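Enquirer: The listed protein sequences correspond, in order, to chains H and U. Residue numbering for the first sequence follows the numbering used here, starting at 97 and increasing by one per position. Residue numbering for the second sequence follows the numbering used here, starting at 97 and increasing by one per position. Idealized CB from N, CA, C, for every residue including glycine. None of the values given here were measured: they were computed from a predicted structure.
2 protein chains.
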Amino acid sequence: MTDAVDRKEVDTRCRIVAQAERFFRTFGYQKTTVADIAKALKMSPANVYRFFDSKKSINEAVGLQLMGEVEAALLAIADSDAPAPDRVARFARTMHEMNASRYVTDRMMHEMVAVALDESWSIVRGHIERVDAMMTRIVADGIAAGDFTVDDPQQASRCLRAGLIKFCHPQIISQCAAGDPGPDVDTMVRFLMRGLGYRGS
Amino acid sequence: MTDAVDRKEVDTRCRIVAQAERFFRTFGYQKTTVADIAKALKMSPANVYRFFDSKKSINEAVGLQLMGEVEAALLAIADSDAPAPDRVARFARTMHEMNASRYVTDRMMHEMVAVALDESWSIVRGHIERVDAMMTRIVADGIAAGDFTVDDPQQASRCLRAGLIKFCHPQIISQCAAGDPGPDVDTMVRFLMRGLGYRGS
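#1: What's the C-alpha gap between V113/H and A273/U?
#2: Of the residues that make up the region 262-288 of chain H, which ones have a beta carbon closer than 8 angstroms to any beta carbon in chain U?
#3: When burial is assigned at 16 or more other CB atoms within 10 Å of the CB, is D309/U buried or exposed?
#4: Exposed or buried, what is A212/U when buried is set at 16 or more other beta-carbons lying within 10 Å of its beta-carbon?
#5: E117/H: buried (16+ other C-beta within 10 angstroms of its C-beta) or exposed?
#6: Going by DSSP, what residue range makes up the alpha helix (DSSP H) through P277/H?
#7: Taking the beta carbon of R183/U as the centre, do at least 16 other beta carbons fall within 10 Å, making it buried, or is it exposed?
#8: Strictly below 8 angstroms CB to CB, what residues from chain U border Q126/H?
#9: Look up R203/U in the DSSP assignment and say whether it is helix, strand or coil.
#10: Using beta carbons (cut-off 8 angstroms, strictly below), is L162/U in contact with chain H?
#11: Any beta carbon of chain U sitting closer than 8 angstroms to that of I224/H?
#12: Going by Cα to Cα distance, which pick from R198/U, V227/U, M289/U, D280/U is closest to Q267/U?
#13: Determine the DSSP secondary structure at F179/U, reduced to helix, strand or coil.
#14: Return the CA-CA distance between T283/H and C255/U, expressed in angstroms with no decimal places.
#15: Output, in sequence order along the chain, the residues in the region 194-219 of chain H whose CB is closer than 7 angstroms to any CB in chain U.
#16: For C255/H, go through chain U and note every residue whose CB falls closer than 9 angstroms to its CB, in chain order.
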C-alpha cells in the first residue's frame with residue numbers, strides 16, 4: 097500500500113468518527129445507525145464496516161478520541177514545571193471542566209457514555225490507567241520535593257483519583273448538577289492534598 | 097378513624113412496598129406493573145392507587161425503605177462510644193457493604209436505582225443529607241477529642257462522603273466491580289482520614 101492510500105484510509109476513518117460524534121451528540125447513540133453515518137458521508141454502509149465492525153466499535157473510537165483530548169490537556173499539566181501541589185490542583189480542575197463540558201452539558205452524550213461504561217469497560221479502564229499514571233508521576237515529584245509525605249505514589253494517586261470521582265465521572269457530575277450538597281472541586285482538592293500529607297494551603 | 101383501621105392501612109401500605117420490592121428484584125422495575133403488584137396481593141389496582149399515585153411513588157417508597165435500613169445501621173455506628181476514627185472506618189465499610197449487597201449484587205436492582213437517581217433525586221438527596229449529618233457528628237466528636245484537626249466538621253464530612261462515592265454509589269460500585277485499579281475501602285478511608293488531619297494509623 098502506498099503512503100497516499102494509507103493517508104486516505106486514515107482520513108476516511110477520521111471522517112467516520114467525526115460524523116458519528118456529531119450524530120450521537122445531535123440525535124443520541126441509540127437513534128443513530130451505521131446507515132445514517134454512511135449516508136451523511138456519501139459512502140456505502142459496507143465501506144463503514146471496512147473500518148469498524150459494529151456501532152459499538154465506532155462508539156469506542158469516538159470515546160477514545162474524546163478521552164484522548166482530555167488526556168492531552170492533562171499530560172501538558174503533568175509535564176509542566178509547576179510545583180506538584182499546583183499541578184494536582186490544575187489537573188483536577190481541568191479533568192472536571194473538560195469532562196463536564198464533553199459529557200454532561202450535552203444531554204445526548206449521556207447515552208453514548210452509558211453504553212461505553214456498560215459495554216466497553218476496557219476502553220474506559222485504559223483511560224483511567226493513563227490518568228493514574230500521570231497523577232502518579234506528579235505525586236512522585238511532590239514526594240521527591242518534600243511537598244507530600246505519602247510512601248507509595250501509585251496507591252496515593254489512585255486514592256486521589258477515587259476521591260475525585262464526583263468531579264470526573266460523567267454520570268456523577270450530571271447527578272450532582274441536580275443539587276448535591278457536596279464540596280466544590282477546589283475544596284475537595286485541598287482536602288485530598290492533606291491526604292497526601294501536604295501542609296500548604 | 098379507629099386505631100385498628102389505621103393499623104390496617106399501614107399494614108396494606110407495607111405489603112404493597114414489600115411486594116413491589118420482590119417484583120423489582122425478580123423481574124426488574126420496567127417489567128413490573130401496578131396491576132402485577134395488585135394481583136399478587138389479591139387486591140384491585142384501584143386499591144393500590146389509594147396508597148400510591150404512580151409506580152414512581154411505589155419506587156420511592158421501596159427506595160426509602162432500603163435506604164432507611166442503611167441509615168439505621170449507620171446511626172448505630174454514629175451513636176456508639178467508639179473513638180471517632182474507628183467510627184469513621186466502620187461507617188465507611190458498612191455503607192460500602194450494605195449498598196453493594198442491596199443494589200449491586202442483584203442485577204435487577206440497577207433499573208430501580210437508575211430510575212430513582214433520574215426521577216426521584218429529592219429522595220436520594222434526603223438520604224445523602226441524613227448520612228452527611230451523621231458523619232458531621234462523628235467528625236465534630238473527633239475534632240473535640242483532638243483526633244482530627246479540620247476546622248469545619250460539615251465541610252469536612254461532605255469531603256469525606258464525596259471521597260467515598262466509589263464505595264457507596266450503586267452505579268459506581270457496579271462499574272468498579274468490572275475491574276477498577278483503585279484502592280480498597282480501608283486504604284481509601286486511611287487516605288481520607290489524613291485529609292481530616294488524623295495522625296494515627
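Expert: By the coordinates alone:
#1: Within the first sequence, the letter at position 17 stands for residue 113/H. Within the second sequence, the letter at position 177 stands for residue 273/U. Cα-Cα distance, rounded: 30 angstroms.
#2: K262, H265, Q267, I268, Q271, A274, G275, D276, P277, G278, P279, T283, M284, F287, L288
#3: Since the first residue of chain U shown is 97 and the last is 297, residue 309/U is not available in this structure.
#4: Position 116 of the second sequence holds residue 212/U. Buried is the call here.
#5: For this step, residue 117/H is matched to residue 21 along the first sequence. By the 10 Å Cβ count, E117/H comes out buried.
#6: Position 181 of the first sequence, counted from the start, is the residue given in the question as residue 277/H. Neither: P277/H is in no alpha helix (DSSP H) and is coded neither H nor E.
#7: To locate residue 183/U, count along the second sequence from 1; it is residue 87. Its Cβ being crowded by 16 or more others within 10 Å, R183/U is buried.
#8: Mapped onto the first sequence, residue 126/H falls at position 30. Result: empty, since nearest Cβ-Cβ is about 15 angstroms, beyond 8 angstroms.
#9: Residue 203/U sits at position 107 when you count from the first residue of the second sequence. The DSSP-derived three-state label of R203/U is coil.
#10: On the second sequence, position 66 is the one that residue 162/U refers to. By this cut-off, L162/U is not an interface position.
#11: As a position in the first sequence, residue 224/H is number 128, starting the count at 1. So yes, I224/H belongs to the interface.
#12: Counted from its first residue, the second sequence places residue 267/U at position 171. That would be R198/U, whose Cα lies nearest to the Cα of Q267/U.
#13: For the purposes of this step, residue 179/U is identified with residue 83 of the second sequence, where counting begins at 1. For clarity, residue 179/U is Pro in the given sequence; the question names Phe instead. Coil.
#14: For the purposes of this step, residue 283/H is identified with residue 187 of the first sequence, where counting begins at 1. For the purposes of this step, residue 255/U is identified with residue 159 of the second sequence, where counting begins at 1. Approximately 8 angstroms between the Cα atoms of the pair.
#15: Result list: L213, W217.
#16: Here residue 255/H refers to the residue found at position 159 of the first sequence. Simply G259, G278, P279, T283, M284, R286, F287, L288.
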